[in-house]
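Under our numbering, the first residue of the sequence shown carries the number 318, and numbering increases by one thereafter.
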Amino acid sequence: MSAAGPVVTWRPTGENLVSSNLARLIRRLGLADYDQLLDFAKDHPDRFWFESLKDLGIAFDDDPTGFLDQSKGKQWPRFFPNGKFNLAAACLRAPSEKHGEKRLALVWEGESGKTVTLTYAELNSRVFRVAAGLRSIGVAKGSRVGLLMPNIPEAVVAFLAIAMIGAIVVPLYSGFGAAPASQRLVDAGADVLITSDGFVRRCREVRLDGVIGDIAATVPALKCIVVCSVLGLSIDVAKTIPWTSLEQAGPTTGDIAATATDDPFMIMYTSGTTGSPKGALHTHTSFPLRVAQDCAYIFDFRPGDRMMWVSDMGWMVGPLTIIGVLMLKGTLVLYDGAPDQPTVGKLRELAAMHGVTHFGSSPTAIRMMAAASDQALAVAFPTLRILITAGEVIDPDTFNWYSHEFGGGMVPVINYTGGTEVSGAILTNVVLRPIAPCCFNSVAPGMNAAVVDVEGRRIVGEPGELAILEPFVGMTNGFWKASDRYIESYWSKIPDVWVHGDLAIEHPNGQFELLGRSDDVMKIAGKRVGPSELEAIVIDNQTVKDAYAIGAPHPRSGEAIVLFVVPSPNAKTAGEAAVYAAHALEKAMGKPYKPSAVIEVAQLPKTRNGKAIRRLARQAWLGLPPGNVGSLENPQIFDDLLKACRQYRGEA
318 MSAAGPVVTW RPTGENLVSS NLARLIRRLG LADYDQLLDF AKDHPDRFWF
368 ESLKDLGIAF DDDPTGFLDQ SKGKQWPRFF PNGKFNLAAA CLRAPSEKHG
418 EKRLALVWEG ESGKTVTLTY AELNSRVFRV AAGLRSIGVA KGSRVGLLMP
468 NIPEAVVAFL AIAMIGAIVV PLYSGFGAAP ASQRLVDAGA DVLITSDGFV
518 RRCREVRLDG VIGDIAATVP ALKCIVVCSV LGLSIDVAKT IPWTSLEQAG
568 PTTGDIAATA TDDPFMIMYT SGTTGSPKGA LHTHTSFPLR VAQDCAYIFD
618 FRPGDRMMWV SDMGWMVGPL TIIGVLMLKG TLVLYDGAPD QPTVGKLREL
668 AAMHGVTHFG SSPTAIRMMA AASDQALAVA FPTLRILITA GEVIDPDTFN
718 WYSHEFGGGM VPVINYTGGT EVSGAILTNV VLRPIAPCCF NSVAPGMNAA
768 VVDVEGRRIV GEPGELAILE PFVGMTNGFW KASDRYIESY WSKIPDVWVH
818 GDLAIEHPNG QFELLGRSDD VMKIAGKRVG PSELEAIVID NQTVKDAYAI
868 GAPHPRSGEA IVLFVVPSPN AKTAGEAAVY AAHALEKAMG KPYKPSAVIE
918 VAQLPKTRNG KAIRRLARQA WLGLPPGNVG SLENPQIFDD LLKACRQYRG
968 EA
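Next comes the structure, spelled out in structure tokens:
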């Protein structure tokens, strides 16, 4: 790293500077360069947004009366007020060229090699049929519908059908057990769940019939559970109906709900450091328009391009890729299976086979491929134009392998960070600026973001809080049934400034770096989770009296869970609490959440008023100094934690 900042390893080509979507937008606005575009977006956000939507061919069903209504304050903006826009209609509208309806909207492949393709016309017909089927079982505008599905075509169809009729989709991580899924369904007030009977991973069937039965028993408000048959199981659970009856029930055309621009369409749950998961509420314009803009101007995604970004329908990337790809009239390449089955070259092989232009991956998956580089690079990938990485901090070795080996040193790596609550990026790479490993060369276009000090002043060259200074398209419309918690989470540190919870630094050369979370939220294999949710699972009066969950660096996954547990007096033997906690967490949350270590201790650090101080547990695990312990009820606890960590590692 130079005095000015990280060293650049990729520079824009002439094609990027002339033919990219960003270059076209700059010309449309009569601006000289990208720097002017960023300034224009800050100074004239209304013109920036309306012109960019025209540039992308995205039109409102009824035009709004303006761009932004802040009459309720910066925390509660209304974007594009009094207009109408249905995201499903925008996604399903056929590409404009002749026979555009025959373009592939979706290419799906399962672990077994089975494939399904859907043109825009075919996807449109299936969505209308399912929308009619949902109406027939009582789903209406404003109804909440849970979506607990693997990456199969029916998940995309269901997602769009729910939005088409004005209902609210509640995406759930497909690996959830019954408890976390039920918690979110109850909080959302869902009365319908769409799920599958299971899925296949590493050539093994993963059955969900037990999970479905447990959800039905613990969420009595569910009126209907729609089950898509993947494994061919017979589901003997009350209130279940087969997906086939839902899809066959309706016509291939019909009514599309006239949704207002600020009508909700999705509650996406994300975890915080305390309390239950937070339901980020997104509207028919906030998330979709932001996602479309990010895909177009950050990923340089164009009509006819193909994107493959393996994730899960329950995490932000699932909805992002569905909406972004279809609104821009590309093709979504979807894979349902293990990323290393039969070898770590599986994802590259699939992407190359299906002509993918845009390939996205978490750093965790990239590390897996880099560890067996010869296998991962076994096939040529001539159609690749853009690489994307997101979900967690990426290390230099992994970034450089992704860029130079997987991408051949010729394509840009778009490092992308933001979150569920912002619908896209805060910091990103763009193809009009040089790229340095692990860094971000720009704030996202249209975002007035900066690294600030405790008083909200922009700082350069030193760590600070990543903050957003003005309301932005994509901003969550609060948390579902938790307005106070929303204000506390993002607006309480600095008056009228969104503080995101990330520590960052802006270098003098304009490159940004993330330094980690400024709270206790973890990102496990790219999936954000709060410690309290994990702790609630493992605390059991019979075995575990108290617990802390922390995130710790891990060479393969980036960050892993480490548990500190206090055994209950009822625990019969040493180690019993640790074994129980590890098993309970993996069973409830899925394999990605299996802790890398569980340490039994006599007590945990707390303040005198009982507030959890997880920081000390993390400092002990990492062997770092404790810092100020004056507020602790038990100041000697750090030495006890440190000793326990050393004993666990066999160092004492």
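Where is the CB? At the ideal position from N, CA and C, for every residue including glycine.
The ligand NAP heavy atom lying under 7 Å from the CB of residue i
i, result
"V325", "This structure lacks the ligand NAP; in fact it carries no ligand of any kind."
For residue i, the first and last residue of its enclosing alpha helix (DSSP H)
i, result
"H900", "893-906"
"I532", "526-535"
"L939", "931-939"
"R461", "No alpha helix (DSSP H) contains R461, which is instead part of the beta strand (DSSP E) from 461-465."
"E428", "Neither: E428 is in no alpha helix (DSSP H) and is coded neither H nor E."
"I479", "470-481"
Limits of the unbroken beta strand (DSSP E) element including residue i
i, result
"K829", "Per the sequence shown, the amino acid found at residue 829 is Phe instead of Lys. F829 -> beta strand (DSSP E) spans 829-834."
"C545", "541-545"
"W560", "Not the beta strand (DSSP E): W560 falls in the alpha helix (DSSP H), residues 560-565."
"S678", "675-678"
"T512", "509-513"
"T587", "581-587"
"P362", "Element bounds for P362: not the beta strand (DSSP E) but the alpha helix (DSSP H), 362-372."
"G741", "741-745"
"D819", "815-823"
"D653", "648-653"
"I552", "Here I552 belongs to no beta strand (DSSP E), and DSSP marks it neither H nor E."
"M630", "Counting along the chain, M630 falls outside any beta strand (DSSP E), and DSSP gives it neither H nor E."
"E782", "781-785"
"A577", "Counting along the chain, A577 falls outside any beta strand (DSSP E), and DSSP gives it neither H nor E."
"I916", "914-917"
"P488", "485-488"
"G596", "595-600"
"M670", "Not the beta strand (DSSP E): M670 falls in the alpha helix (DSSP H), residues 663-670."
Within 8 Å, strictly: CB atoms of residue i and residue j
i, j, result
"I841", "E893", "no"
"L510", "I532", "yes"
"T700", "Y719", "no"
"A438", "A407", "no"
"A761", "D572", "no"
"D514", "V544", "yes"
"F340", "L749", "For clarity, residue 340 is Ala in the given sequence; the question names Phe instead. Yes, Cβ-Cβ distance for A340 and L749 is below 8 Å."
"A484", "G459", "yes"
"M466", "T512", "yes"
"P747", "S678", "With the sequence shown as reference, residue 747 is identified as Val, and Pro is not the correct amino acid for it. No, Cβ-Cβ distance for V747 and S678 is not below 8 Å."
"T569", "S453", "no"
"L921", "I878", "no"
"L409", "L373", "no"
"F516", "S491", "yes"
"T729", "E709", "Looking at the sequence provided, one finds Pro at residue 729 rather than Thr. No; because the gap between Cβ atoms is not below 8 Å, this pair is not in contact."
"M839", "G818", "no"
"H671", "F616", "no"
"M906", "G567", "no"
"L649", "M624", "yes"
"K911", "A899", "yes"
Buried versus exposed, by CB contacts within 10 Å (16 or more), residue i
i, result
"K595", "buried"
"P605", "buried"
"D629", "buried"
"M727", "exposed"
"H416", "exposed"
"Q828", "buried"
"T432", "exposed"
"C756", "buried"
"V696", "exposed"
"L939", "exposed"
"N887", "exposed"
"A376", "exposed"
DSSP beta-bridge partners of residue i
i, result
"D863", "V883"
"I615", "Partner(s): none; I615 has no beta bridge."
"A505", "Paired residues: none, contrary to the question."
"H1006", "In the structure displayed, the chain extends from 318 to 969; residue 1006 sits before or after that span and is not available."
"N732", "T706"
"L959", "Its beta-bridge partners do not exist; DSSP assigns none."
Residue-chain proximity (residue i, chain C), Cβ-Cβ < 8 Å
i, result
"I705", "No chain C appears in the structure shown, which is made up of a single protein chain."
Would you call the segment 851-868 and the segment 786-795 touching, i.e. three or more CB-CB distances under 8 Å? When Cβ pairs closer than 8 Å are counted between the two stretches, the segment 851-868 is seen not to touch the segment 786-795, the count staying below three.
Whether or not the segment 600-620 and the segment 550-560 are in contact is what I'm after, with contact meaning three or more pairs of Cβ atoms, one per stretch, closer than 8 Å; do they touch? no
Counting Cβ pairs closer than 8 Å, one from the segment 524-541 and one from the segment 649-661, do we hit at least three? no
Can you confirm whether the segment 906-924 touches the segment 873-892 when touching is taken to mean that 3 or more C-beta pairs between the two stretches lie within less than 8 Å? yes
Taking contact to mean at least 3 C-beta pairs separated by less than 8 Å, is the segment 375-392 in contact with the segment 350-360? no
Give a yes or no on contact between the segment 765-777 and the segment 363-379, applying the rule of three or more CB pairs nearer than 8 Å. no
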